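So the first sequence is numbered by the numbering used here: it starts at 1 and just counts up by one.
Each residue gets a CB set at the ideal place from its N, CA and C atoms; glycine is no exception.
Treat the numbers as computed from the prediction; the structure is a model and nothing was measured.
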Amino acid sequence: MDNEKILQGLNPAQLEAVKSLNGPVLIIAGAGSGKTKALTHRIANLIAHNVPPHNILALTFTNKAAKEMKERIAGLIGQDKAKFLWAGTFHSIFSRILRIEADKIGFNSNFSIYDTDDSTSLLRKIIANFANQSRKISVNPIRSKISGLKNQMITTKEFATKAMVADDKIVADIYRLYEFELQKSNAMDFDDLLLNMIVLLRSSKEVLHKYQNAFKYILVDEYQDTNKAQYIAVKLLASAHQNICVVGDDAQSIYRWRGADISNILEFNKDYPYSKVIRLEQNYRSTKNILKAAHGVIRNNKNQLPKKLWTENDTGELIDVLQCADEKEEAFRLSTLVQKELQKGRKLNEIVILYRTNAQSLALENSLRTHNLPYIIVGGISFYKRKEIKDVIAYITLLVNPYDNEAFTRSINEPPRGFGQTSLRHLKDYADSKGLALINACKEVDKIPEIRGKAAAAATVFAAMVNEYTNKIKEGLSANLISSYLEESGVLDMYNEIASEDSYDRLENIKQLLIDLESYIQDNPQADLTEYLQQISLVSDVDEKNLDGNNLTLMTLHTAKGLEFPVVFIAGMENGLFPLIRDRIELEEEEEERRLFYVGVTRAKEKLYLTYALRRAKFGEISSQKPSKFLREIPSDVLQTALSTGRTNSEFTGRPTQNRINYNARQERRENYSQIPPDYDESQLPPEEHQGNMSITNSPLQPGDKVHHSNFGRGIILKIEGFGQQKKATVRFDSVGTKSLMMQFAKLQRI
DNA sequence: GACCTGCTGATTTTT
DNA sequence: TCAGCAGGTC
């Protein structure tokens with residue numbers, strides 16, 4: 001063991017963290033303060049002090065963080081030892097344990113993991129069947145309410161007794177039915193993975209002691225983002241040995257809205273009275289100016305632990321604030337600035353553009369493409385959430401967990417087999433009355449008089465096919481086998497037959513999944529499908545994306561946490577957008593928005609640009625915007641501002657990308673596309689008067705002009721009113737009569 | 001049961 | 001705007 005290597009290159013605070021091996025330790029680690037270094041060296045040091053790696057549990061929030069940690073520890077102590085560490089996300093480690101102990105909590109070890117979409121679709125069905133139909137119940141609020149209850153560890157029974165108002169009573173009923181369906185399907189949602197771990201630990205003294213002794217040393221990363229269930233689970237595990245080390249930064253807590261409880265970190269000292277507190281306050285990442293800005297912002301929050309970051313880095317450049325006329329100009333100027341950074345010798349992968357909401361990426365993408373700037377988007381819809389991938393996964397899931405009724409419902413009529421909603425309802429009634437899984441009810445379809453003919457035949461054939469492949473994979477798993485299963489099911493043909501670009505992409509995505517499966521099998525010869533499915537159900541987009549390529553990166557501020565870039569742009573610095581406000585903003589929400597801004601600012605190593613627009617299209621409406629209040633919180637001596645040129649650019653009215661997935665086939669195509677030389681030339685900008693939708697003709701449309709509209713066909717303009725983007729046209733169409741249209745969206749063509 | 005059309009509503013999202 | 005549903009029609 002190379003002891004010196006472990007203690008080398010650490011500052012005094014880091015060194016103390018690395019050397020404090022026993023008892024509770026709280027490390028307050030400011031942004032860019034070498035937190036991962038302290039954590040990984042500490043783990044290496046534990047092993048150097050003869051703690052067996054398999055007695056160490058390191059919990060993170062993302063796979064990416066876990067992977068980085070494992071790699072760095074392997075670099076310090078060697079892969080042969082590092083591989084025995086229990087390092088991973090809360091969800092992946094807990095589901096590993098839950099599979100081992102499944103029978104103790106009434107599950108089968110092949111349980112399915114339902115992601116948010118699966119939960120939503122299950123809830124939607126429950127709501128649709130719900131007796132109380134007096135008014136419309138929307139799914140999303142119900143789902144987040146139930147998730148919130150689970151995060152607070154409130155059971156269906158507890159909530160049912162607490163529920164006083166009518167709304168809560170409805171939620172209580174839906175919650176109960178939802179849990180019942182999950183149970184029947186042998187499935188857990190994300191929240192259950194945490195909750196059931198607690199149920200397991202509380203199920204018997206033996207189990208609790210087993211895992212307390214298995215994990216003699218526990219480390220938790222990003223502790224400020226733990227919710228109640230995570231907090232309790234960790235507390236249960238750590239209570240015997242009290243060797244718990246948590247790392248976090250209350251200033252970077254940005255997940256309150258999904259149950260993260262900042263008091264877990266603020267009150268660590270109360271939970272573990274003899275804990276040692278170590279502060280990592282030297283920042284190695286950012287310039288003095290950037291830190292000054294970050295500090296100026298975060299000091300406006302009341303609820304926080306005392307600390308102040310400092311750095312020995314250079315003062316660095318000033319922070320640029322740019323005012324833009326609208327989101328198109330913002331995107332345009334951003335692209336130009338990116339090009340300037342490239343001319344200065346920056347590489348694309350050193351640059352990131354951050355925004356508050358995913359919707360903002362559209363305008364940015366259009367502009368980046370016209371400027372020939374290749375980019376990748378992290379976030380948005382993940383590969384595994386694509387319809388075709390979810391369909392294929394549903395088919396595969398059925399082979400492993402036949403009880404999974406969601407997987408069955410998803411696949412039975414995809415492609416259409418003549419087994420629709422009505423047949424499904426009859427099947428479900430029968431299955432429920434007999435206590436059967438849907439797929440098993442299919443085998444008795446002859447006993448269901450309501451299902452006859454084509455539907456009955458479809459059910460029988462489907463069940464037989466699933467049965468056949470279930471047996472086949474028991475003899476040996478291969479991607480080829482899964483491929484012929486999908487072939488036989490008709491999913492592949494379904495996309496083959498539709499000769500569209502879209503279905504081509506979908507097929508390519510399925511192929512990509514099969515390639516992925518193949519390489520998984522090769523890397524893990526002993527692994528089974530359950531493990532594969534678990535792994536893909538617990539990965540996120542950030543884990544998959546390679547941020548080192550020759551692309552610049554676009555992502556939301558949330559996704560950016562834990563990352564750093566030499567050049568950071570934050571777009572949309574406007575009140576209402578950032579801080580994001582729906583109706584009324586509470587102080588706590590505003591403080592969370594401010595922490596989010598703090599996270600964004602501290603991603604930057606050398607250069608930070610902040611942009612805002614005076615007008616912005618929201619849901620197709622134009623609204624005037626005011627600069628974000630956060631901008632005023634930045635000390636003015638680190639800022640330099642530039643006002644709008646007042647120009648908008650008609651180049652950017654083009655169609656947004658059809659789909660924001662930059663994965664495999666689609667990504668390649670997009671990269672090719674962005675290699676088309678830019679045809680934009682500032683001197684050739686059309687005069688202001690002609691901008692907007694009028695790139696087709698050279699003079700503005702006027703009353704009396706005959707026009708063509710893509711939906712309504714031929715028409716004649718009766719009236720034009722408003723200016724610029726507010727411009728409206730009243731048009732009498734041959735087909736649909738008179739309509740009033742926003743000209744910037746209507747794309748009227750003169751005929 | 002499949003397909004088309006019109007309406008509605010829309011944050012952030014580690015897993 | 002635009003996606004994702006519900007509800008109507010064939």
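What do you reckon, are the CB atoms on Asp189 and Ser119 nearer than 8 Å?
Stepping through the first sequence from its first residue, residue 189 is reached at position 189. Stepping through the first sequence from its first residue, residue 119 is reached at position 119. A contact, by the Cβ cut-off of 8 Å.
Where does Tyr609 fall in DSSP's three states?
As a working note, residue 609 is residue 609 in the first sequence. DSSP places Tyr609 in strand when its eight states are reduced to three.
So, at 7 Å on beta carbons, what are the nonlocal neighbours of Val392 in its own chain, with the 5 sequence-adjacent residues on each side left out?
Taking the first sequence and counting its residues from 1, the one referred to as residue 392 is at position 392. Counting only Cβ-Cβ distances below 7 Å, and skipping sequence neighbours, we find Leu486, Val491, Ile510 and Leu513.
For Ser109, count neighbouring Cβ atoms within 10 angstroms of its own Cβ and tell me buried if that reaches 16, exposed if not.
The count along the first sequence starts at 1 and reaches residue 109 at position 109. With fewer than 16 other Cβ atoms within 10 Å, it is exposed.
Pairing CB atoms from the segment 322-329 with CB atoms from the segment 513-525, are three or more of them under 8 Å?
In short, these stretches do not touch, since the Cβ pair count stays below three.
So, using beta-carbon positions, are Ile127 and Val199 closer together than 8 Å?
Within the first sequence, residue 127 is the residue found at index 127, counting from 1. Within the first sequence, residue 199 is the residue found at index 199, counting from 1. No. Outside cutoff.
Per DSSP, cross-strand counterpart(s) of Asn283
In the first sequence, the residue the question calls residue 283 occupies position 283. The partner list for Asn283 (beta bridge, DSSP) reads Thr311.
Going by CA-CA distance only, name the one from Cys245, Leu57, Leu237 and Gln79 that's closest to Asn754.
Any property of residue 754 remains undetermined from this structure, which presents the chain solely from 1 to 751.
C-alpha gap between Arg176 and Thr156, whole angstroms:
What you label residue 176 is simply residue 176 of the first sequence in a count that begins at 1. What you label residue 156 is simply residue 156 of the first sequence in a count that begins at 1. Put simply, the backbone Cα of Arg176 is about 6 Å away from that of Thr156.
Taking 8 Å as the cut-off, decide whether the C-beta atoms of Glu574 and Ala613 are in contact.
Start at 1 with the first residue of the first sequence, and residue 574 comes out as number 574. Start at 1 with the first residue of the first sequence, and residue 613 comes out as number 613. The beta carbons of Glu574 and Ala613 sit closer together than 8 Å.
Tell me which residue opens and which closes the beta strand (DSSP E) that Met188 is part of.
As a position in the first sequence, residue 188 is number 188, starting the count at 1. It spans Ala187 to Asp189 - the beta strand (DSSP E) in which Met188 sits, taken as one unbroken run.
When the Cα of Phe111 is compared with those of Asp261, Ser185, Arg72 and Met164, which residue comes out closest?
One-based indexing of the first sequence puts residue 111 at position 111. Distance check between Phe111 and each of Asp261, Ser185, Arg72 and Met164 places Ser185 closest, using alpha-carbon atoms only.
Please classify His41 as buried or exposed, where buried requires at least 16 neighbouring CB atoms within 10 angstroms.
In the first sequence, counting from the first residue as 1, residue 41 sits at position 41. Per the 10 Å Cβ criterion, buried.
What are the partner residues of Phe565, as DSSP defines its beta bridges?
To locate residue 565, count along the first sequence from 1; it is residue 565. As DSSP reads the structure, Phe565 sits in a beta bridge with Ala604.
Reduced DSSP category for Gln448 - H, G, I as helix; E, B as strand; rest coil:
As a first step, residue 448 is located in the first sequence; it is residue number 448 there, counting from the start. Looking at the sequence itself, residue 448 is Ile, so the reference to Gln does not match. In this structure, Ile448 counts as coil in the three-state DSSP scheme.
Go through its chain and collect everything with a Cβ distance to Val601's Cβ below 7 Å, but skip five positions before and after it.
The sequence position of residue 601 within the first sequence is 601, counting from 1. Taking C-beta separations shorter than 7 Å and ignoring five residues to either side along the sequence, the partners of Val601 in its chain run Ile290, Ala293, Ala294, Val297 and Leu608, following chain order.
List in chain order: all unbroken alpha helix (DSSP H) runs of 4+ residues lying wholly within the segment 118-184.
Here the runs fully enclosed are 139-151, 156-162 and 166-184.
Name the DSSP beta bridge partners of Thr397, please?
Looking up residue 397 in the first sequence gives position 397. In DSSP, Thr397 forms no bridge with anything.
Gly88, DSSP secondary structure in three states:
Within the first sequence, numbered from 1, the residue matching residue 88 stands at position 88. Shown here, Gly88 sits in a strand according to DSSP, grouped into three states.
What do you get for Asp221, buried or exposed, if any count of 16 or more other CB atoms within 10 angstroms of its CB means buried?
Here residue 221 is taken as the residue at index 221 of the first sequence, counted from 1. When all chains shown are included, Asp221 counts as buried.
Who are the Cβ neighbours of Gly724 in its own chain at under 6 Å, not counting the five residues just before and after it?
Within the first sequence, residue 724 is the residue found at index 724, counting from 1. Here the model assigns Gly724 a pLDDT of 44, short of 50, so the residue's position is not dependable, and the following value carries that caveat. Counting only Cβ-Cβ distances below 6 Å, and skipping sequence neighbours, we find nothing.
Between the Cα of Ile73 and the Cα atoms of Gly572, Ile717 and Leu39, which residue gives the shortest distance?
Position 73 of the first sequence, counted from the first residue, corresponds to residue 73. Cα-wise, what sits closest to Ile73 is Leu39.
Beta-carbon proximity list for Asp314, same chain, < 6 Å, skipping 5 on both sides:
Here residue 314 corresponds to residue number 314 of the first sequence, with the count starting at 1. Counting only Cβ-Cβ distances below 6 Å, and skipping sequence neighbours, we find Thr287.
Report the three-state DSSP secondary structure of Lys390 (helix, strand or coil).
In the first sequence, the residue the question calls residue 390 occupies position 390. For Lys390, the three-state secondary structure derived from DSSP is helix.
Give the secondary structure of Arg299 by DSSP, where H, G and I count as helix, E and B as strand, and everything else as coil.
By 1-based counting over the first sequence, the position of residue 299 is 299. The answer is coil: DSSP assigns Arg299 none of H, G, I, E or B.
Beta-carbon spacing of Phe408, Leu399 below 8 Å:
In the first sequence, the residue the question calls residue 408 occupies position 408. In the first sequence, the residue the question calls residue 399 occupies position 399. No, the Cβ-Cβ distance between Phe408 and Leu399 is not below 8 Å.
For a test of the three-state rule: what should DSSP assign to Leu577, helix, strand or coil?
As a position in the first sequence, residue 577 is number 577, starting the count at 1. The answer is strand: DSSP assigns Leu577 an E or B state.
Own chain partners of Lys385 with C-beta closer than 8 Å, once the 5 adjacent residues on each side are dropped
On the first sequence, position 385 is the one that residue 385 refers to. Only Asp115 and Asp117 meet the Cβ criterion.
Is it buried or exposed, Gln675, if we count other Cβ atoms within 10 angstroms and call 16 or more buried?
On the first sequence, position 675 is the one that residue 675 refers to. Unreliable positioning characterises Gln675 in this predicted model, as indicated by a pLDDT of 23, which lies under 50. The coordinate reading is nonetheless provided below. Exposed: under 16 other Cβ atoms inside 10 Å.
Which residues in the same chain as Ala66 place their Cβ atom closer than 8 Å to its Cβ, once the five residues preceding and following it in sequence are excluded?
The residue labelled residue 66 in the question sits at position 66 within the first sequence. Within the same chain, Ala58, Thr60, Ala87, Gly88, Thr89 and Ser92 come within 8 Å of Ala66 by CB-CB distance, once the 5 residues on both sides are set aside.
In DSSP terms, what Ile278 is bridged to:
If you number the first sequence from 1, residue 278 lands on position 278. For Ile278, the pairing in a beta bridge is given by DSSP as Ile27.
Sort Lys83, Gly32, Ala17 and Ile570 by Cα distance to Thr357 and report the nearest one.
The count along the first sequence starts at 1 and reaches residue 357 at position 357. The candidate whose alpha carbon is nearest that of Thr357 is Ile570.
Once you ignore the five residues that flank Asn3 on each side, which residues in its own chain have a CB closer than 8 Å to its CB?
On the first sequence, position 3 is the one that residue 3 refers to. Ala48, listed in sequence order.
Starting from the Cα of Ala29, find the closest Cα among Leu76, Ile265 and Leu193 and give me that residue.
Residue mapping note: residue 29 aligns to position 29 of the first sequence, counting from 1. Distances from the alpha-carbon of Ala29 to those of Leu76, Ile265 and Leu193 put Ile265 closest.
Can you tell me where the beta strand (DSSP E) holding Ala325 begins and where it ends?
For the purposes of this step, residue 325 is taken as the residue at position 325 of the first sequence. Run containing Ala325: Ile319 to Asp326, per the beta strand (DSSP E) assignment.
Spatial neighbours of Ser624 in its chain, beta-carbon cut-off 8 Å, leaving aside the 5 residues before and after:
For the purposes of this step, residue 624 is taken as residue 624 along the first sequence, with counting starting at 1. Cβ neighbours of Ser624 within its own chain (closer than 8 Å, five residues either side excluded): Leu614 and Arg615.
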